[in-house]
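Participant: Below you'll find the structure I mean.
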Amino acid sequence: MACVRFTPHLRRYFDLPLSWEVEGVHTVAALLQQLDERWPGLAFYVSDERGHLRKHVAVWVNGNVVADRAGLTDAVPDDATVDILQALSGG
Amino acid sequence: MATTSDRILMGTRKGLVEARREDGTWRIGEAALPGQPIAYAMRDPRNGSIWASIDHGHWGVKLSRSAKDDGAYEEVDPPKYPEGSDVAAKYYWVLTPGHPDQPGTLWVGTEPGGLFVTRDDGASWELNKPLWDMCVEHKWMGGGRDAAGIHSIVIDPRDANHMYVGISCAGVCETKDGGASWTYANKGLRMDYAPPEEQDKEYGYDPHFVAPAPSDPDVLWQANHCGVYRSKDGSATWDEISDKPYAYFGFPVAPHPTDPLTAWIVPMHSDNNRTTFEGRLFVLRTDDGGATWRQQSAGLPQEGAMDFPYRHSLDVAPDGKTLAFGTTSGNAYVSEDGGESWQVLSNNLPLIYSLRFA
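Chains as they are written, first to last, in this note's numbering: chain P, 555 to 645; chain G, 105 to 462.
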């Protein structure tokens, strides 16, 4: 069971808890899909219509920034902690 | 539902700001969509709904709508590039209500190089494939933004199938069959920035903004990267109406609602500087189709000003007398006498991306 933690900035658009547990997903892509089923539209905030992570979004798995930002094939181990954050930018 | 001369919508870097004239006094209200960068905002005069294009720094570009114009906004599932095109929407640059005979139709110009249409009031969107094919085949380049984009959409009030779009950088494209086919309409324009061998090509031009004269649909005005232009024949040919140094480089142009010979521009020093002339902010008005221009500066700062309006940030109201523009430094000005004199709407707004009467 992986634990997902969300940036509070996303709570402006979706009714998200501080963290959420997901089961049966093995990649970041599958995880995003499952989250999108629970909160329709969420995946389109985190990734674009090609499925690529948006430029200023950072997803971490067990403390490592995901490497495959286009395919989201990075593995999500059963006990992983996944952080969905926004990169720092702007003013 | 008609557009009034008493209400202004401003898309700013920190929200959708509204100004209203009540009892002769302009007041600015609290921002809708606070904190959100609003690339463009307009009111659809056919049904009174307010549309806003949002450019989230992190979460991508979105569309939001207040269907009842009651201050409550809901997100509309926005246009997306089709699978296989391998691009994603970077910017919804302009939103244009469809022809009055086509309720539920709305056009969106996007970066990269897309023209999208909804025919069901935003429930679904379709990319105009013939125009997109031209973007890909002719490798339109960016101008003002990283990739090519569509910032001007003009619909002929006499014929819903007759449209023009302004593209940076490609130029003007015209369709007479509702978008099934498009032709370049750039005869008379220049592109001094291109290699000499390329300068007489059919496309590659940089219209900063293209706007029709509402009282004569065959008259089009264009603020271009290389001068000011006007067409009297529905874009078949463009006449340069520049008058250097002032009437040359700028982004917006606002045609008079009832007089096809009158329009306003806000000039900038040059492509290189992109500031005012000698720190003076002024508007240029022509009443003879661009043969002559005169400065209108009363009430505008005449020293120390460096800001200017972007392409969607100058507008004239239906009364032909009320004008307003908003600048890159968040200053907004309004005139109630056709530009002869100006008053400050605000000196304290964020960067203004768009300003439209509503």
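Even for Gly, the Cβ is constructed at its ideal location relative to N, Cα and C. Predicted, not measured: the structure shown is a model, and the values here were computed from it.
Where does Ala193 (chain G) fall in DSSP's three states?
Facilitator: Of the three classes helix, strand and coil, the one that applies to Ala193 (chain G) here is coil, per DSSP.
Participant: Per DSSP, which residues does Asp633 (chain P) bridge with? Please list them.
Facilitator: In DSSP, Asp633 (chain P) forms no bridge with anything.
Participant: Name the one or two DSSP bridge partners that His416 (chain G) has.
Facilitator: The partner list for His416 (chain G) (beta bridge, DSSP) reads G:Ser458.
Participant: Quick check: Asp372 (chain G) and Cys330 (chain G), are their CB atoms within less than 8 Å of each other?
Facilitator: What sits at residue 372 (chain G) in the sequence shown is Met, not Asp. Their beta carbons are not under 8 Å apart, which means Met372 (chain G) does not touch Cys330 (chain G) by this criterion.
Participant: Go ahead and pull the three-state DSSP assignment for Gln400 (chain G).
Facilitator: Of the three classes helix, strand and coil, the one that applies to Gln400 (chain G) here is strand, per DSSP.
Participant: Who does Ala145 (chain G) pair with in a DSSP beta bridge?
Facilitator: Looking at the DSSP assignment, Ala145 (chain G) forms a beta bridge with G:Ala156.
Participant: Taking only three categories from DSSP, how would you classify Lys233 (chain G)?
Facilitator: Lys233 (chain G): helix per DSSP, three-state reduction.
Participant: Does the distance from the C-beta atom of Pro141 (chain G) to that of Gly161 (chain G) stay below 8 Å?
Facilitator: Yes, the pair counts as a contact, with Cβ atoms nearer than the cut-off.
Participant: What residue range is occupied by the uninterrupted beta strand (DSSP E) comprising Tyr437 (chain G)?
Facilitator: Here the beta strand (DSSP E) through Tyr437 (chain G) covers 436-439.
Participant: With Thr432 (chain G) and Tyr414 (chain G) assumed to form a contact (beta carbons below 8 Å), what rounded beta-carbon distance in angstroms separates them?
Facilitator: Right, the Cβ-Cβ distance comes to about 7 Å (below 8 Å), so this counts as a contact.
Participant: Can you check whether the C-beta of Gly338 (chain G) is within less than 8 Å of a C-beta belonging to chain P?
Facilitator: Judged by the 8 Å Cβ criterion, Gly338 (chain G) is not in contact with chain P.
Participant: Would you mind telling me which residues of chain G sit closer than 7 Å to Arg604 (chain P), beta carbon to beta carbon, in chain order?
Facilitator: Per Cβ cutoff of 7 Å: Asp190, Ala192.
Participant: Hey, is Phe568 (chain P)'s beta-carbon within less than 8 Å of any beta-carbon in chain G?
Facilitator: Judged by the 8 Å Cβ criterion, Phe568 (chain P) is not in contact with chain G.
Participant: Under a Cβ-count criterion, where at least 16 other Cβ atoms within 10 Å of its own Cβ denotes burial, should Met267 (chain G) be classed as buried or exposed?
Facilitator: By the neighbour-count rule (16 or more Cβ atoms within 10 Å), Met267 (chain G) is buried.
Participant: Pull up the CB-CB distance for Leu385 (chain G) and Pro405 (chain G), whole angstroms please, since I reckon it's below 8 Å.
Facilitator: With 8 Å as the limit, Leu385 (chain G) and Pro405 (chain G) qualify as a contact, their Cβ atoms being about 5 Å apart.
Participant: So Gly253 (chain G) and Gly213 (chain G) are in contact, right, with Cβ under 8 Å, and what is the actual spacing, rounded?
Facilitator: Right, the Cβ-Cβ distance comes to about 7 Å (below 8 Å), so this counts as a contact.
Participant: Would you kindly report the start and end of the unbroken alpha helix (DSSP H) that includes Glu591 (chain P)?
Facilitator: Note, Glu591 (chain P): alpha helix (DSSP H), 582-592.
Participant: For a contact meaning CB atoms closer than 9 Å, what does Trp163 (chain G) contact in chain P?
Facilitator: Going along chain P in sequence order, the residues near Trp163 (chain G) (Cβ under 9 Å) are His563, Leu564, Tyr567, Phe598, Tyr599, Val600, Arg608, His610, Val611, Gln640.
Participant: Does the stretch 105-120 of chain G come close enough to the stretch 608-620 of chain P that 3 or more CB-CB pairs lie under 8 Å?
Facilitator: Touching, no, given that fewer than three Cβ pairs across the two stretches are closer than 8 Å.
Participant: Give every residue of the same chain whose Cβ lies closer than 8 Å to the Cβ of Leu572 (chain P), excluding the five residues on either side of it in the sequence, and list them in chain order.
Facilitator: The residues are Arg559, Phe560.
Participant: Pick helix, strand or coil for Phe568 (chain P), following the three-state DSSP scheme.
Facilitator: Residue state, collapsed to three classes: coil.
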